[in-house]
Amino acid sequence: PTSAGKAQPLYSEVYTPQGIKLMGNIKVGDKVCTPSGDYAKVLGVFPQGFKKILRFHFSNGDTVDCCEDHLWKVNALYDQWKGKILT
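Under my numbering, the first residue of the sequence shown carries the number 21, and numbering increases by one thereafter.
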């Protein structure tokens, strides 16, 4: 959902139709890629100030840096979660 739990460091990579940009370089009006393979226009940029950043490690070897209250949309078939939002 908008306006909730998405703080990531300004050095995070964001995929755009023109290639990768750093989060800190994203501006209103830019287009960014969506998980569905489409793109969306950036409607607002909301600086979060200084936050504690954690590195999360996933079972497939991927990592991501984000704030500790970041929200995650997850699918876990064994728990019958499809698109569940978790902290």
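For every residue, glycine included, the Cβ atom is placed at its ideal position computed from N, Cα and C.
Cut-off 7 angstroms between Cβ atoms - residues of its own chain near residue i, not counting five sequence neighbours on either side
| i | result |
| --- | --- |
| Gly103 | Lys93 and Asn95 |
| Leu30 | Leu42, Met43 and Gly44 |
| Ala27 | Gln68, Lys71, Cys86, Cys87 and His90 |
Residue i: first and last residue of the uninterrupted beta strand (DSSP E) it sits in
| i | result |
| --- | --- |
| Ile40 | Gly39 to Leu42 |
| Ile73 | Ile73 to His77 |
| Val34 | Glu33 to Thr36 |
| Ala27 | Neither: Ala27 is in no beta strand (DSSP E) and is coded neither H nor E. |
| Asp85 | Thr83 to Cys87 |
| Val61 | The sequence shown places Lys at residue 61, rather than the Val named in the question. Unbroken beta strand (DSSP E) run through Lys61: Tyr59 to Lys61. |
Where residue i falls: helix, strand or coil (DSSP)
| i | result |
| --- | --- |
| Asp99 | helix |
Nonlocal neighbours in the same chain, by C-beta distance under 8 angstroms from residue i, ignoring five residues either side
| i | result |
| --- | --- |
| Arg75 | Thr83, Val84 and Asp85 |
| Tyr59 | Thr36, Pro37, Lys51, Val52 and Cys53 |
Beta-carbon proximity list for residue i, same chain, < 6 angstroms, skipping 5 on both sides
| i | result |
| --- | --- |
| Ile40 | Glu33 |
Inset, instruction - Decide yes or no for the touch test of the stretch 67-74 against the stretch 43-56: beta carbon pairs closer than 8 angstroms, at least 3 of them. - result: Counting Cβ pairs under 8 angstroms, fewer than three are found: no touch.
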